[in-house]
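In what follows, a single structure is set out as structure tokens and then discussed.
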Amino acid sequence: KLLQANNDLEIIFKEMPILGESSILTSKAALAVNMIDSSKYLDFHNAMITFNGNKTAEAIFDLASKIGIDISKMKSLINDNSIDDAIQENLKIAADLKIRGTPAYIIGNELVSGASSYEVMQQMVDNARQSNTIDTSINISSDQPVDTVNSKPINGESKEEELLEEKTEKPSENSSIND
């Protein structure tokens with residue numbers, strides 16, 4: 001609903017496995033799906049969110065197969081170092097931002113942990129627009145449902161690194177400790 005009302009917003013999914021081994025495998029599988037065919041990431045994400053069984057390797061590969069993913073490619077990518085690196089980077093970003101669970105959202109410069117109502121999130125978007133701080137929304141997501149209409153998954157470097165740099169900006173040469 002938020003994206004329908006604000007078609008210029010972008011949701012960036014960051015896989016953040018927090019629930020143990022099945023969560024790690026699910027995150028690795030999601031990143032592999034994104035690498036194979038990013039247009040199917042959202043379908044896979046939603047399939048995993050709505051899946052009610054145990055998230056075993058067999059179940060994950062079955063769901064991926066149903067959306068048209070080449071399972072042999074997926075299996076080889078799951079063990080690729082770049083996927084492990086992406087997950088570690090996502091966990092580092094979450095730790096730096098003091099995100100301890102999912103879902104988590106950054107709208108403008110505000111962090112929201114946990115599920116929020118449409119009204120609360122729309123007010124945050126409005127506030128960010130008024131203060132000119134809205135340039136992206138980030139969803140750190142692993143196992144929680146989110147509104148995904150018109151969303152666009154990405155991996156690798158993006159705006160959250162810029163946000164981290166803003167939050168940890170070093171003092172200028174002309175400033176003193178007491179400034």
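In our numbering, the protein residues as written are 1 to 179. For each residue, glycine too, the CB sits at the ideal point set by N, CA and C.
1) Can you find the residues in the same chain that come closer than 6 angstroms, C-beta to C-beta, to glutamine 144, ignoring five residues on each side of it along the sequence?
2) Exposed or buried, asparagine 34, counting other C-beta atoms within 10 Å across all chains shown (16 or more means buried)?
3) Output the distance between the C-alpha atoms of lysine 28 and glutamine 122, rounded to the nearest integer angstrom.
4) Indicate whether the contact test is met: 3 or more Cβ pairs, each with one atom in the region 15 to 27 and one in the region 89 to 102, closer than 8 angstroms.
5) Look at the alpha carbon of asparagine 139 and the alpha carbon of methionine 124, and state the distance between them as a whole number of angstroms.
6) Inspect the beta-carbon positions of leucine 77 and alanine 30 and report whether they are closer than 8 angstroms.
7) Please list, in chain order, all residues of the same chain as aspartate 70 whose beta carbon is under 8 angstroms from its beta carbon, the five residues on each side excluded.
8) Is it true that the region 48 to 60 meets the region 81 to 100, where meeting means three or more beta-carbon pairs spaced less than 8 angstroms apart?
9) Under 8 angstroms, do lysine 73 and serine 22 count as touching if we go by C-beta distance?
10) Considering Cα atoms alone, identify which of Gln4, Leu25, Asn7, Asn52 is closest to aspartate 84.
11) Where do the N-terminal and C-terminal ends of the beta strand (DSSP E) with isoleucine 99 fall, by residue?
12) Which stretch, first to last residue, makes up the alpha helix (DSSP H) that contains glutamate 21?
13) Specify the secondary structure class of lysine 14 as computed by DSSP and reduced to three states.
14) Quick check on serine 116: does DSSP put it in helix, strand or coil?
15) What are the start and end residues of the beta strand (DSSP E) that includes isoleucine 107?
16) DSSP state of aspartate 111, grouped into three classes?
Reading off the structure:
1) Counting from one through the sequence shown, the residue named residue 144 turns up at place 144. Reliability fails at glutamine 144, whose pLDDT of 36 lies under 50, so the model's placement of it is uncertain and the value that follows must be treated cautiously. So the qualifying residues of the chain are Thr102, Pro103.
2) Taking the sequence shown and counting its residues from 1, one reaches residue 34 at position 34. Under this definition asparagine 34 is a buried residue.
3) In the sequence shown, residue 28 corresponds to position 28, counting from 1. In the sequence shown, residue 122 corresponds to position 122, counting from 1. Taking the straight line joining both Cα atoms gives about 31 angstroms.
4) yes
5) As a working note, residue 139 is residue 139 in the sequence shown. As a working note, residue 124 is residue 124 in the sequence shown. Confidence in asparagine 139 is poor, its pLDDT being 48 and thus under 50, which makes the residue's placement unreliable; the coordinate value appears in the next sentence. Using only the alpha carbons, I get a separation of about 14 angstroms.
6) Numbered from 1 along the sequence shown, position 77 holds the residue referred to as residue 77. Numbered from 1 along the sequence shown, position 30 holds the residue referred to as residue 30. Cβ distance not < 8 angstroms, so leucine 77 and alanine 30 don't count as in contact.
7) The residue given as residue 70 occupies position 70 in the sequence shown. Here the set comprises Ile36.
8) no
9) Translated into the one-based positions of the sequence shown, residue 73 becomes position 73. Translated into the one-based positions of the sequence shown, residue 22 becomes position 22. Result no, Cβ atoms of lysine 73 and serine 22 do not sit closer than 8 angstroms.
10) Start at 1 with the first residue of the sequence shown, and residue 84 comes out as number 84. Of the candidates Gln4, Leu25, Asn7, Asn52, the one whose C-alpha sits nearest the C-alpha of aspartate 84 is Leu25.
11) Residue numbering aside, residue 99 sits at position 99 when the sequence shown is read from its first letter. Note, isoleucine 99: premise wrong, no beta strand (DSSP E); not H, not E.
12) For the purposes of this step, residue 21 is taken as residue 21 along the sequence shown, with counting starting at 1. Residues 21 to 36.
13) The residue you call residue 14 lines up with position 14 of the sequence shown. If DSSP states are grouped into helix, strand and coil, lysine 14 belongs with the strands.
14) Here residue 116 is taken as the residue at index 116 of the sequence shown, counted from 1. Residue state, collapsed to three classes: coil.
15) As a working note, residue 107 is residue 107 in the sequence shown. Run containing isoleucine 107: 104 to 107, per the beta strand (DSSP E) assignment.
16) The sequence position of residue 111 within the sequence shown is 111, counting from 1. The amino acid at residue 111 is misidentified as aspartate; the sequence shows leucine. Note: leucine 111 maps to strand in three-state DSSP.
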